[in-house]
Each structure stands twice: as C-alpha cells, then as structure tokens.
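Student:
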Amino acid sequence: MSTQKLSQVLEKALSRNSTSLKNQNKAAEITQTLINSGLKPFKTNPSLLSNLNSNIINLIISNPNLPLHSCTIFFNFLKTNFSLASQKPNLKTHLTFILRLYKDGKFKEIKEVLKFIIFDDNLRYPVEEMFSLVGFECNDSNFLQKFCDFFFRVCVDNKMFEEASGAFDYMERMGFKIDEGSCILYLIALRKCGKGDSLLGFFRRMIESGVEISVYSMTIVIDGLCNRGEVEKGRELMNEMVSKGVMANVITYNTILNAYVKTKDFEVVSEVLRLMEEEKVEYNAATYTVLIEYFECVGKHEEAEKMFDEMRERRVEADVHLYTSMISWQCRRRNIKRAFALFDQLNEKGLVPNAHVYGALIDGLCKTGQMEAAQMLVNDMQSQGIVVNQVVVNTLLHGYCKKGMMDDALRLLAVMEKKGFEPDVFTYNIMASGMSRLKRHGEAKRWLFMMVEKQVIPNVVNFTTLIHIHCKEGNIVEAKRLFQQMQRRGERPNTITYNALIDGYTKKGEMKDAYKLRNEMEAKGRIPDIYTYTSLVHGECNYGKVDEAMKLFNEMCQKGLVPNVVTYTAIISGLCKDGRSDEAFRLYNEMISMGHMPDQRVYSSLVGSLYTTGVNSSGCN
DNA sequence: GTAGGGTTAG
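In terms of full-length UniProt numbering, the first sequence is residues 1 to 621.
Put into structure tokens, the structure is as follows:
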C-alpha cells in the first residue's frame, strides 16, 4: 500500500470516527429528550430532528436505556410523520427495531413489523439478502435463527408461499434447526388454499432437512392425501413414518377411517378397525361419529345404534359433533321425536348446542313440513346468541319452497338481506327450483340469471336446474346448449345432469338421443340410476314400445337397482295401454309386495285396462 | 398446531 493511500485511509477513518462521535452525541441527546419528555418536544419543534440519519436512529432505537415503549413511539413517529420523509426508517432501521423487540420478548410485535416489511415496496428485499443483512448487522446466531422462523411464519400467515419456501431453503442451507410448528402452519395454509398437491412434497423436504416430525404434521399430510382420494398413499406414508418411530394416534386412524368410510367399502373399514385394535388405539367420540355415519349411510341403522350404545358402555363422552350427526340421521329418517330427545340429552350433558346442531334440527322440521316449528327454533337459536348463518337461512328457504310457500320464502329472504345476508349458490338454486316446481319457469330462470349478474359462479347443480327447467318447457335445444356450455366452463355433468337431459329427450320421443346420452354417461363413469331408467322406460311406453320398456325394466333390476313407484307406474300403464293386463297385474302385485303404495295413476291404468281387455284372470288381490 | 357434524338439483 502506498503512503499516500494509507494517509487517505487514515483520514477517512478519522473522519468516520468524528462523524461517529457526532452521531453518538446526537443520539444520546435525542434519547435523553425522549426519556424526559417523550415526543412532545419533537412535535412542537421538528428542527430538533433535522440532522437525523439512519445511524443516529439506529443508535437511539438500540439504546437499552430507552424504554421499549418510548422506542416504539419514536419509531412509529418517524414512520408516519410526513415532514420527516427523508428520514423514514429503512430496512436496516426496521431490523434494528426488531432486534430491540426481540430483546424484550415482544414476539407478536415483531410479526407486525415483519408483515409491514413484506408488504412495503421500499423495504422488501429478496429473502436471502435480508437474512444476510440480519446476520451481518447482528452477530447473534440465535437471533438470526429466530428471525428466519418469524419471517417464515409471517409469509405463511399471508399466503406468500414462495417467500416462505425461500426462507425454508435458507434455514436448511445454514443448518438451522427448523421448527416443526412453523412447518405445520405452512402445511395447514397450503391445504386451506387448495394447494393440497404440495403437501407431500413439502413434508418430504421437512424430513430431508431434519425437522423433528411429530404425529401432528404427519396426520395433516395424510389427511391431505385422503382428501384428494389418495387414501392408499396416506396409509403408505403412515407405515413409512411408523417405521421411523412416529406413532400414529387416534386422530391419524380416524382420518384414514373416515376416508375409507366414504368409499363404503366394508372390507377396508374393518381392516383399519382391526389395525386400531392391534395397536391398542382406543376409539374416541370422533371414531364413533365416523362409524355411526358409516352404518347409517349403508342403511344399517341398528348397527349405528349399537355403536352409540357401545360408546356409552366404554364411557367415551359424546360431544357436539357426534350429537349433530346423530340428530341429522334421525331427521333424515323423519324421526323428529328422537332427534329432539337427543337434543335434550345434549343440553342435559351441559354441552352447548351450536349452529350445526340447530341447523340439523331445523332441517328436520323443514323436511317434515313443520315450518312454524322451524321458525320458532330459529328464534330460539337467536335468543341463545347463535348467529343464523347462511346454511340455516338456506335450509329454511328450502323448507318454504318445498311446500310451495314462495311468498314466505321471499319474505324471509327480504328480511335476511336487510340484515346483511347475501344469497349464495345454494340460495339461488333453492329459489329457482322452488319456482320451477310450481311451473313458474320464467321466475325460476330469472333467479339463476340473477346469480350470474351478482357474480356468483354457477356450479353443476345450478346448470342442472336450468337444464331441467328448459327440458320441462320442452326446449331441448337450449337444454343441450347449456349442457355443452357448462362443460366448456369446466363443470362436469353428473348423473343428475344426464338424467335431466335424458328425461327431456324421452319426453320428446327422441329415444335415439336419449340412449346416446345414457351410453355417454356410462363411458364417463356416471352410473345410470333408477331415474335414468325410469325416464327411458317412460319414453318407450309413451311410444308404444313396451317390449323395449320391459327390457330396460329387467336390465335395471339385474343391475340391482330397485324400481320405485314412478317406475312401476310407467311400466304398468305402458303394459295396460298395450292390452297386456296379466303382466301389468303381475307387476302391480310385485310393487305391493315391495311395500310401494300405488298412486291414482296406477289405479286408473289398471281400471282402464280392464275395460279394454275384459275380465282379468290374474287374481289381483 | 392434526380427525368427525347442519343446506341445494331428477
């Protein structure tokens, strides 16, 4: 190094020292003022802060003699005072303030400052650079680790997954201990944002980075896999983790059990139950809820009751979830008395009913047409301080619509809208189908058009309703157009959608197109049900092709589908019109033996057939 | 900071 250069360096160092000294003096002066008199002097005389620079600010903020409270007030003053725009705290100042908060254990406040940094265009830096700056400014490795973790969590809280991922990478590269709790928040946020496909990938990264894995994060990932229909993958993951020493608990098992219950596959359900027994995992209320749900779903009511009894024998306390499920099933079976008995039981146990429980009960009353009682229950829940939410309003509306009480539905809707209720996809569909049921097709369509105007995106159900309306109006062209439009919009028609359209075609006598759709739905994995067959049977009968109708009728029975009163009516009247009263009476008897009550149409058909064919000899009883 | 519950269309 030349002498000249050395002298320059020395000069610079000296001048730095002198500025540094000047800064220190200024900082000390301001700090003292803040301690003695707070912000007031600076507000009345802003020139006191005229020579402020970031070094001075940092010296003030990091001064442990200045109480944190004063420190915060000063920091916020600098941030918000427009006349001090040139001294607005920069990233380094913010980091200094965070360090100060950290030393005082103010973690919640740190997160707020971090959030501010993340959303401020002038303060936001690439993750890497910011962390390096923290490491450079502060030699405390513990703080840097904690800082990274805070930053990661704040990104997660604000759904900034890429930034969070960057923070994770940095922590991994630096060999920091990564907190599982933070990773769990990341997993939950992913799931909440519909990014379930990223769960497993991130979980693998956690394992590779040496994050201590607990049953919590494992279960979240398994749940995510189950929700995507990848139950087997979930089970494999569980086995893999068990071999690594992470034991599954009752919640993990419930998660897998619940996924299998939805497939209604008794074999796999029993297998999980056996596994739970082997592993000595005791059932809890959630296990019983899932099992009761399963048995009710497959129509084994007695088994479901047995589960409820077993739970009490094993002294597992029922909770609100379980009662809601039980009540809902009683209501579906129209056993309102039992539903209310369970409701009383819940209250006697000191459990607090919530909107879900009330929702189930109100639905039960609506299903049985007891609208006054339903309204009373709504008042009751309100008096308990429970908010009448979207579901309850929709349930009530549906109750009124089903009874054709459209004026009451409209009145309720108007009242609720005044209270801030906003109709959703359900509401519009309930109103439209209510109108359509009364053949008020114009109004029905208006409700569905209104939802589009209100920017509510129609789903497959809404499209199906509209298609159905057009079919009822005989406008099969428009129905078909909508059917294609919905698919272009990414809504996949389900069995019910196909049924609506098939019914439209059969009513027009366009049987060829109806069969074409039936084949198409099968090819797409949508299974024809009794409604599909009933429409086809009806269509064939209407056009005198009773042999074709009988073929369909036998085909559906072979497939294990049980004809209902409508199917029987269609085929019986078809046979009668064709003069085949023997066959008609045979099916009539079959229908009676199946426990179906014939309606007026069946009688008229049969009586009519007696007139045309003379005396029947089949011995109808 | 892990699981289970109430609403819609033929």
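Note that beta-carbon positions come from the ideal geometry of N, C-alpha and C, so glycine has one too. Since this is a predicted model, take the numbers as computed values, not measurements.
Since Leu187 and Phe168 should fall inside the 8 Å C-beta cutoff, what is the C-beta to C-beta distance between them, to a whole number of angstroms?
Tutor: Their Cβ separation, rounded to whole angstroms, is 12 Å, which puts Leu187 and Phe168 out of contact at 8 Å.
Student: Measuring straight from C-alpha to C-alpha, what distance separates Thr532 and Leu561?
Tutor: 11 Å
Student: Would you call Thr567 buried or exposed, if buried means 16 or more other Cβ atoms sit within 10 Å of its Cβ?
Tutor: With 16 or more other CB atoms across the displayed protein chains lying within 10 angstroms of its CB, Thr567 is buried.
Student: Starting from the C-beta of Asn499, find all residues in its chain whose C-beta is less than 7 Å away, skip the five residues before and the five after it, and write them out in chain order.
Tutor: Tyr531, Thr532 and Ser535
Student: Does the count of Cβ pairs from the region 126-138 and the region 105-115 closer than 8 Å reach three?
Tutor: no
Student: Would you mind working out which of Asn139, Arg173, Leu114 and Asn142 sits nearest Met160, comparing C-alpha positions?
Tutor: Leu114
Student: Give the DSSP-derived three-state secondary structure of Arg274 in the structure shown.
Tutor: helix
Student: Does the region 266-281 come into contact with the region 301-315, if we say contact requires no fewer than three beta-carbon pairs (one atom in each stretch) closer than 8 Å?
Tutor: no
Student: Taking the Cβ atom as the reference point for each residue, do Thr506 and Gly539 lie within a distance shorter than 7 Å?
Tutor: Yes, Cβ-Cβ distance for Thr506 and Gly539 is below 7 Å.
Student: Quick check: Glu296 and Ala304, are their CB atoms within less than 7 Å of each other?
Tutor: yes
Student: Identify, in the order they occur along the chain, each residue of the same chain with its Cβ nearer than 7 Å to the Cβ of Val615, setting aside the five sequence neighbours on each side.
Tutor: The predicted model places Val615 with a pLDDT of 40, which falls under 50 and marks its position as unreliable; any figure quoted below should be read in that light. No residues qualify anywhere along the chain.
Student: Contact defined as beta carbons within less than 8 Å: I believe Ala549 pairs with Gly509. What is the distance between those atoms, to the nearest angstrom?
Tutor: Not confirmed; about 13 Å, so no contact.
Student: The alpha helix (DSSP H) spanning Ile73 covers which residue range?
Tutor: Leu68 to Thr80
Student: Around the Cβ of Ile178, are there at least 16 other Cβ atoms within 10 angstroms (buried) or fewer (exposed)?
Tutor: buried
Student: Touch check for the region 413-422 and the region 444-452: three-plus C-beta pairs under 8 Å?
Tutor: no
Student: May I have the straight-line CA-CA distance separating Arg440 from Gln484, to the nearest angstrom?
Tutor: 25 Å
Student: Could you check what DSSP says for Asn379 in three-state terms: helix, strand or coil?
Tutor: helix
Student: Determine the burial state of Cys193: buried for a count of at least 16 other Cβ atoms within 10 Å of its Cβ, exposed for fewer.
Tutor: exposed
Student: Pick from Leu377, Lys26 and Asn354: whose alpha carbon is nearest that of residue 624?
Tutor: Residue 624 is absent from the model: the chain starts at 1 and stops at 621.
Student: Report the CB separation of Gly359 from Ala339 in whole angstroms; it is logged as a contact under 8 Å.
Tutor: 12 Å between Cβ atoms; not a contact.
Student: Give me, in chain order, the residues of the same chain whose beta-carbon lies closer than 6 Å to that of Ile251; leave out the 5 immediate sequence neighbours on both sides.
Tutor: Non-local beta-carbon contacts of Ile251 in its own chain, meaning distances under 6 Å to residues more than five positions away in sequence, involve Thr219 in chain order.
Student: What's the gap between the Cα of Ser617 and the Cα of Cys576?
Tutor: In this prediction, Ser617 scores a pLDDT of 37, lower than 50, which makes its location untrustworthy; no coordinate-derived value is stated.
Student: Can you tell me whether Ser50 is buried or exposed? The criterion is at least 16 other CB atoms within 10 Å of its CB, across all chains shown.
Tutor: exposed
Student: Helix or strand or just coil, what does DSSP make of Gly135?
Tutor: Three-state DSSP puts Gly135 in a helix.
Student: Look up Gln455 in the DSSP assignment and say whether it is helix, strand or coil.
Tutor: coil
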